Structures are given as structure tokens and as C-alpha cells.
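Counting in the numbering used here, the sequence shown runs from 299 upward without gaps. First comes the structure, then the notes that go with it.
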Amino acid sequence: MTDVVVVESPAKAKTINKYLGRDYTVLASFGHVRDLPPKDGSVRPEEDFAMDWESEDRGERQVNEIARALKGARRLFLATDPDREGEAISWHVQDMLARKGALKGVEVRRITFNEITKRAIQHAIAHPRDLDAPLIDAYLARRALDYLVGFTLSPVLWRKLPGSRSAGRVQSVALRLICEREAEIEAFRAREYWTVEARFATPVGAPFTARLTHLDGKKLDQFDLPDEASAMRAKAAVEAGTFSVLSVERRRVRRNPPPPFTTSTLQMEASRKLGMGAQQAMRTAQQLYEGVEIGGETVGLITYMRTDGVQMAREAITAIRDHVKDAFGADYLPGAPREYQSKAKNAQEAHEAIRPTDVRNTPERVARYLDERQRRLYELIWKRAVASQMQSAELDQTTVEIADAAKKTILRATGSVIAFDGFLKLYREDEDDRAADARAGLTGAQEDEDSRTLPPMRERDPLKRGEVAALQHFTQPPPRYSEATLVKKLEELGIGRPSTYASILQTLQDRDYVTLEKRRFIPEDRGRLVTSFLVKFFERYVDTGFTAGLEEQLDDISGGKVDWRAVMRAFWDEFKRAVDATKDLKISDVIDALDEELGPHFFPDRPDGTDPRVCPACSGGRLGLRLGRTGAFIGCSNYPECRYTRPLIAPGADGDGSTGLTEGPRELGADPATGEKVTVRRGPYGVYVQLGEGGTDEKGKPTKPRRASLTRDMDPDTLDLDRALKLLSLPRIIGRDPETGEEIQAGLGRFGPYIKVGSTYQSLEPGDDVLSLGMNRAMELLAKARAKVRFVGPHPKDAAAVEIRKGRFGPYAQHGKVVANLPRNLAMEEATLDEVVALLAEKGKELAPRGKTGAKGKAKAAPKRAANGADEAEAPARPAARKAPARKAAGTAAKASPPPLAGESKGGGGRAAKPAAKPTARTSTARKPAAAKAPATKAAAKKPAPKKKA
């Protein structure tokens, strides 16, 4: 009789199974096993926030496997991740198993561990607990909040602001921060100021530089030398004086080491020092947490990476202190262990900081078992954790004031020297790090003082003056947010949770609300329109103070202090009133409000003083913001007599040189094979590379040059000829499929980079490089794609393949171009060939070729996108306003075409489109009264539905 342990990932299950042995069966849930259906009505406020839960095929399959393993088992250990999401997954698994009757006679316990090591796993098994009800309540509240905001606010956006995509509880606040920073930059006016510096030498000839601080006995403020004339007068005063040392101040300062990493600080430092995006850093940290093969054994190298605590376990501190003493000596070990506390407003110190599981696994020791990204991130984590328990650095700082004989002209020189390096011996910010800090706009960056020293001086020492220079400066606008600085800002404000920051930042890019150029967020005009709309009509719900206060209430729920439904009721009552208040809002009112708010952005002042809103076509009309079916544009007030229009400012075309493409193509070099020029250009759909300029064919018809789009993570400014030629040569062959012998190709398509073998496609995931992707990663991705297809057998008529595929609306059968949805009671894995053939004959429909029309002569639009509706599973995505091509034939990747948007109304009004049936298990957290069946005809719709007895 074996016990059953459920974890989240198969990699973790494999490692833990080795630690526990034959008496345990370890299975993976593959993350969440069920979720809220992405359609209206999944959360019902009128029923005290009852929720419907729906499990898709994968979740149902995994729970069935767990249920089979429990037959004859004595105990079930739920060992999902030690956070709120992990607690929720355990709750879902237990609830689904209970509904299946699989827990009879089985003891269910919850275990958590902060690291995947044998000691930690065995300790967790020996100290189980019950599920944490307040933590589950906090999960329910967050899901309900994010769902209701997404599925209530987003439709308002779609109706009142065509072309917008979605709104989310935290997503919209983050977008507002980015847009407000951009408005500050646009409103900024540079201000000139000057400084005066002079070179001096001591009596023994040692040189140094000092800056003028007092002139004519008055202390100089930043703008006291506003122009060249005043600077030249100050320079002349310095040149006319004879100087000596007025005072020398020396003091010793201590610099303490930073605490070990939390989720947010790891994302910041990985972005600043390693150039990793938040998603890439978290994915790499997940790999280090789940473990790597070292000496034939899978070893988890770091502790759990989703945490906002900075404390470490006592045994870990002891081990690190022992290592510091052995590796660096007793001088580098402080007298007592260092204790750290989180400063974040909403910090829940339930977990340890991110640290190495075994300090003896030094970066040098494990480097050969890691890839480059893993190695660099592990080294960063290891050094930061070890340095946090080292002695403080000590620096001798010196300030020297220099004055003329009248003591009315005074200059100052500063310098410092490291007296004892302490933790800086292991973890220090060199010049490159400080430069990165300055570029990232991070406050608190250490100045470059460690290597700046002053020669020995005493009071009244005469000095020899050398060259005097007047230097011109201009004030700089506030820097745009980077991933690091935006995460820092959100954490300081107490908005969101560290584990969700990466997905929020990615959602803003996926919705085309912002672009990331030179590692800085630049808001798109679509994002600015959405932000202005929300601030104008829903200001309370994109207010940082309100959102932070709501986060505190959610933390109170997880602490068992507040009832989650009470928090939901208080939020929903006011939110619903705010939404209802916009029902009578006219689109013209929205346009007028946004035109006034964003006028300075779309119509900046001209240098010649002329009106920037005068129509260039008719000279009598006034340009203003207009909305069409495809979104916002600039149009003339004399329409329809004047039909002048122009699109909103294209990304990167704001004239700041952010892409280097505002003046035209940028030449990279010549193709060695053809001699043609390779250029990088900006088009209406983004940045691309081009080979040559095209030509004509044998018949004299023009031919288009070869082009290739840049992927999202490629920087146009740093793109070189080699990578451009690789892009132009796509698709490329990675290798051959060991099962079929077919070529595996990597390429760029309409929906981004992908790999394919035969008719099977799979989109690449963030962090995958289409130009360097190898066979191992390709096989992992193809395994995901193949899991969506099941070959049932040859068709009796023509022996062609009959397959079952996972589609947007659930599993469907396909034979050639004929498809049929599987009924709810027929599982994908259990359907037989005879059943599928009969289903295709009875309900089969032929796939319409691309561009064909439907019954009414209109091109069939692709079903509209579905989503989970919230920040931590962000708000629903609005599809493009223009009609999409018909659905592609089966065999394309799941990501290659967006799923339908359940709950979106037809034509902007009317009833929501009803999604096709899905073979999913659906449960509710509260019993829902039976609803009357919708009438099939308009005539029937006029009759009231008959009442059913309770």
C-alpha cells in the first residue's frame, strides 16, 4: 500500500519520487486543474459570489490519474507550491477527487517545502497540516475580483472606445503609471545651468579637481549660473584668486550588504545586471528551483522563487556563516547573524528569501551542469545570499574645501577610499553596474566614489591652480520605466503581488498597449486612450491608493481577519454603480473628453507658433480625435466635405530617435552571397529587415524584396548583419524527428516564431530564440503540440487519417476537411474509431476555405478570443476590429490563432454568442437555480418562460 503525493510539475515529481522511494507514488497536477470558464456568469454576485469551475481535458485527465493511484492508498499528500496559488491548486484537486468519490478511506494532508532537497521533503512528510482556509479564501477573492473587473469593465471599453482590448484590476494601474510618466516627459522643458570646475595641485604636485560652491560669499544653488555669461564671470573670479585649503573633513562610513533576494528584487537585478526580462528571469529561477542533473541526481539549487520575505532559515544562515569564515576569513564574518525585514507595504513573510539550498554548491562547482542563463542567475542569487551575511564595508570619505584669500570664492572636492572591503569582496557594484543603475533610473545607486581618492592635505596648505572650465548642463526629463523600475514602483505602492508582476508586464505588451524599446516601456496611443478613458470615467479603480488599499484587504483575508465575501460585496456595489453610470454615455462624449485630455500629445505646439490643429487639406477644418471601426485616428471637422485623415503616431515615431528608424531605413551591410544591401526598416506592422530593393521577373513584373519581421525580444538598434541574415534565411532546419524522420523546422509566421514537423505546429514561448533553438527544446515544444492531437485510426472509406484535436471550443474530430465537435459525454481519450466515424457522418461540417463566404454573403470572421478575465489571469483580450480570416485547418499550433472571446456580443450589441459545447467537468461553489431554457425562435422569445417548481 503506497501513499500518493501530488505536486505541480512533472520535473518536481520525478525528483521527489527519488527522495521518497517505493512507498510513495508522486504525480503532477501540471498546475491548475480547473479555472473559471472565460464567459459571462462564471462569478455571480447576486448569489453571494458563487463561482462555476470548469476543468479542461488536461486537468480532468490528471485528476483521473490521481484517482486511479488512490485506489488502495492510505494517505494523500497535497504538496503543491508553498504560496496562495499552490494552496488553491491543492484545494481544487481535493474538491475534484471528493466529487469523484476517490477519497473514501483516504487521509488528506497538506505539506509544503521551501526547497527540493531530500531533507526538506522528508521533514515536510513528517510535519503535515490541513489546508489553509484563509489562504484559499484570499485566492477566491482575487479570482472573483479580477474576473469581475475584467469581464465587466472590458465590454464597456469595447462599446465606448472601439479598438481597445481589455482592462484589468492591476494591469490598468500599471499602464496608468507608464502613461503618466510619458506625459511628464512630453511636458518637460529642459532648463539650462552651468557649473565651474578647476584643477588644483598640492605643494608636492598631486593633482585633483574641485567644483565651485560659493561665489561672492553666497552659496550657489543649481540654477544660480543660468547661462554662459554668468558662468564666464564665475570662471574669471576663480582664475583671479589665490587658493589654499580652508578645511579638511575625514570620516569613516559603513556600507551594509543588501538583503537576499525576493521575487521583485530578483527581477530588478536580473534586468539591471543580466539584461533578463521578468518572465525570463522567473522561468530560469523555476528551473533552478525544480533542479538540475548533477552527478546522476536531480538537485534543487535554490529555494522557492515566489516570495516577498527576506529572512532565511537558521540552519541556512549558519551554513553561510561557516562558508564565509572558511572562504574569506574571520575578519569578513560579523559578530552576530544579520536579520532582515521586508519594507514592502503588503509583504507577507510566509516564505524565506531566495537563497541557495546548499551554500557548498558554489557557482564554480555547478557551472558545468547549467546553461548560460542558469549559470548567471544562480551566481547572482548565490553571491547575494552569501554577501548578506558578510561584514560591512568601511570607507574613508574626505571632503576638502578650498577658498581664496577673502574666503568669498570657495570650491569643494570629495573622495573616498575603501578601508575594508567587507561584503564588497564578493558582491560589489562596479562601474558597469552603476551605469546600468543610472540608465534604469534606479534611485540609491552608489556614486563612483570607491576609486576616487584625494591627495593628503592639511588646512592652510597653499594650492597651485591649473585649468578652470565652465561646463554647460541641461536638466533631464524623468526616465521611462524599465521592467526593473516599474516592478520597484508597484512594490513600493503596495500594488499587486510579486509573483504576478511578470505576467502583468507581458500582458501590457501582448495587448499592444506598450512597447519595450531599449528596455524601456513606451506607451502606444491605444494604451494612452484606454488610460485616459479609465481615468476620466473610472478614476477610482485605476487609483494607486485605492488599489493598494484593496491589496491590504486581500492580505487581511489571507490572515483570517476579514470575511472575503464582505470585501467582495463592498467592492462590487460601488463598482457596479460606476459601470451602470456609463450606460447612457455617448461615444461622442468620450471622444470629446479624450480629445481634450490627449490634445497636447497628438497636437504638440509648433515652433513657428501656428495652430497644430488646422487641417492641412482644407485649411478651414479643425483636426481632432475620431473613432472608427478599427479604432482611433485623426480626422477633419469638415467631414464629409473634407476627408483628410491620418493615423495616430506610430510606435517609435515620436522623434526621440528611440529606434533609429524615424529618418528611414538603417543599413546593416551587404549580403555576402548576393551583394545586396540588408536594411532594417519600420513598417505599419512593426520593424523588419529587408534584402535589396526588389526587381522585376522575366515578364517585367515587379517582384518584392525578401523581408523578415523582428521578434518581440529583438532590439532594432542593436541588430547586426549576422542576425539579420539569419532572419532572412528562415525557415531553418533544426534536425529530424526521431519518430517520423521528418524535418523539424523553425520559422517566423503571422503569429510569431514557431516550429513545425509535418502538419504539426507549435509557437515558441517567451525566451526561446528562433535563430538558435536546439533539438532538445524543439522536442519539448513538439510534445506539447502532439498532446493536442490523437490519431484514432484510418477511415473505412478512404483509409485517410481520422484524428481528434483540441480546439478553441473543445475537442473535435477531423477527417480531411470534415470536422465535428465531440459531445460532452465523450472524452477525447476514450472515443473509438466507430464512434468518431459515425459522428463525422452525422454532424460533420466541411471547413470553409480561407476567404469563402457564409450564408449571407459576408466573410466569416474567426471566433473571438477567450481569456481568463483578470490580472493574475488578466482581463479578456479584445480582438481586432477588422474581420479575421476563417479558422485554419487543424494541425496548426494552439497559439497560432486566438481562441474565441466568450461573452462578447454580436455586432457590438445583442445577446452574447453562445460557445460550443466542451467536454469539460463543471462545478460550482454554490448551487445555482435552474434557468429556463432559451427559446429557439423570436416568436417563442415573446412568451414568458414557464416557472419550475423548486
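C-beta: ideal position from N, C-alpha, C; glycine also. Bear in mind that the values here come from a model prediction, so they are computed numbers and not experimental data.
By a C-beta neighbour count over all protein chains shown, 10 Å radius and 16 as the cutoff for buried, is residue i buried or exposed?
i: residue 873; result: buried
i: residue 1074; result: exposed
i: residue 470; result: buried
i: residue 339; result: exposed
i: residue 885; result: exposed
i: residue 917; result: exposed
i: residue 320; result: exposed
i: residue 704; result: exposed
i: residue 1000; result: exposed
i: residue 1100; result: buried
i: residue 458; result: buried
i: residue 430; result: buried
i: residue 843; result: exposed
i: residue 1104; result: buried
i: residue 1113; result: buried
i: residue 311; result: buried
i: residue 774; result: exposed
i: residue 1095; result: exposed
i: residue 906; result: exposed
i: residue 396; result: exposed
i: residue 1169; result: For residue 1169, the predicted structure reports a pLDDT of 42, less than 50, and the residue's modelled location is therefore unreliable. The matter cannot be settled from this model.
i: residue 1167; result: Only weak support exists for where residue 1167 lies, its pLDDT of 35 falling under 50; the coordinates are left without a value.
i: residue 953; result: With a pLDDT of only 35 at residue 953, under the threshold of 50, the placement of this residue in the model should not be trusted; the figure read from the coordinates follows. Per the 10 Å Cβ criterion, exposed.
i: residue 576; result: buried
Beta-carbon within less than 8 Å of residue i's beta-carbon, same chain only, minus the 5 sequence neighbours each way: which residues are those?
i: residue 521; result: 489, 491
i: residue 1043; result: 1029, 1030, 1031, 1032, 1053, 1054, 1055
i: residue 1214; result: Model confidence at residue 1214 stands at a pLDDT of 42, short of 50, so the residue's coordinates are unreliable and nothing is read from them.
i: residue 740; result: Its pLDDT being 40, under 50, residue 740 is placed unreliably in this model, and the value from its coordinates should be taken loosely. Answer for residue 740: 566, 570, 782, 783, 786, listed in chain order.
i: residue 485; result: 898
i: residue 450; result: 873, 874, 877
i: residue 676; result: 586, 599, 600, 654, 661, 664, 668
i: residue 1130; result: 1090
Kindly give me the distance between the Cβ atoms of residue i and residue j, rounded to whole angstroms, as I take these residues to be in contact under 8 Å.
i: residue 536; j: residue 761; result: That pair is no contact at about 12 Å.
i: residue 780; j: residue 640; result: That pair is no contact at about 22 Å.
i: residue 683; j: residue 592; result: 19 Å between Cβ atoms; not a contact.
i: residue 1249; j: residue 432; result: Residue coverage of the chain in this structure runs from 299 to 1248, which leaves residue 1249 outside it and unanswerable.
i: residue 1026; j: residue 1010; result: Rounded, the Cβ-Cβ distance is 18 Å, inconsistent with contact.
i: residue 305; j: residue 378; result: 6 Å
i: residue 559; j: residue 414; result: 18 Å between Cβ atoms; not a contact.
Excluding sequence positions up to five away, which residues of its chain have a Cβ less than 6 Å from the Cβ of residue i?
i: residue 381; result: 604
i: residue 632; result: 689
i: residue 580; result: 800
i: residue 860; result: 854
i: residue 529; result: 492, 523, 768
i: residue 856; result: 432, 433, 436
i: residue 583; result: 603
Here's a check: name, in chain order, each residue in its chain whose Cβ is nearer than 7 Å to the Cβ of residue i, leaving out the five neighbours to either side.
i: residue 681; result: 724, 725
i: residue 1060; result: 1052, 1053, 1079, 1080, 1082, 1083, 1191
i: residue 566; result: 782, 785, 786
i: residue 1019; result: 966, 967, 976
i: residue 852; result: 436, 439, 440
i: residue 1206; result: Because the pLDDT at residue 1206 is just 34, under 50, the model does not fix this residue reliably, and the value given afterwards should be weighed accordingly. For residue 1206, where only same-chain residues beyond five positions count, the Cβ hits under 7 Å are 457.
i: residue 1007; result: 984, 986, 1046
i: residue 1035; result: 1042, 1055
i: residue 408; result: 376, 388, 426, 427, 428, 429
i: residue 650; result: 412, 601, 605, 607, 609, 610, 611
i: residue 687; result: 615, 618, 619, 622, 635, 636
i: residue 718; result: 691, 692
i: residue 826; result: 477, 896, 899
Taking the runs of the alpha helix (DSSP H) that are 4 residues or longer, which of them lie wholly in the segment 1003-1074?
Counting whole runs of 4 or more residues, the segment 1003-1074 contains the alpha helix (DSSP H) stretches 1019-1026.
Counting beta carbon pairs with one atom in the segment 704-719 and one in the segment 598-618, are three or more of them shorter than 8 Å?
Too few Cβ pairs lie closer than 8 Å, so no.
Does the segment 427-447 come close enough to the segment 808-827 that 3 or more CB-CB pairs lie under 8 Å?
No, the segment 808-827 is not in contact with the segment 427-447.
Return the chain-ordered ranges of every alpha helix (DSSP H) run that is complete within the segment 354-384 and spans a minimum of 4 residues.
For the segment 354-384, whole alpha helix (DSSP H) runs of length 4 or above, ordered along the chain, are 355-367.
Does the count of Cβ pairs from the segment 921-941 and the segment 800-810 closer than 8 Å reach three?
As far as the Cβ criterion goes, the segment 921-941 does not touch the segment 800-810, which means the pair count is below three.
Please confirm if the segment 822-840 is in contact with the segment 470-481, defined as three or more CB-CB distances below 8 Å between the two stretches.
The count of Cβ pairs closer than 8 Å, one atom from the segment 822-840 and one from the segment 470-481, reaches three, so the stretches are in contact.
Minimum length 3: unbroken beta strand (DSSP E) runs contained in the segment 1082-1139:
If one requires a minimum length of 3 residues, the beta strand (DSSP E) runs lying completely within the segment 1082-1139 are 1087-1092, 1099-1105, 1108-1113, 1116-1119, in chain order.
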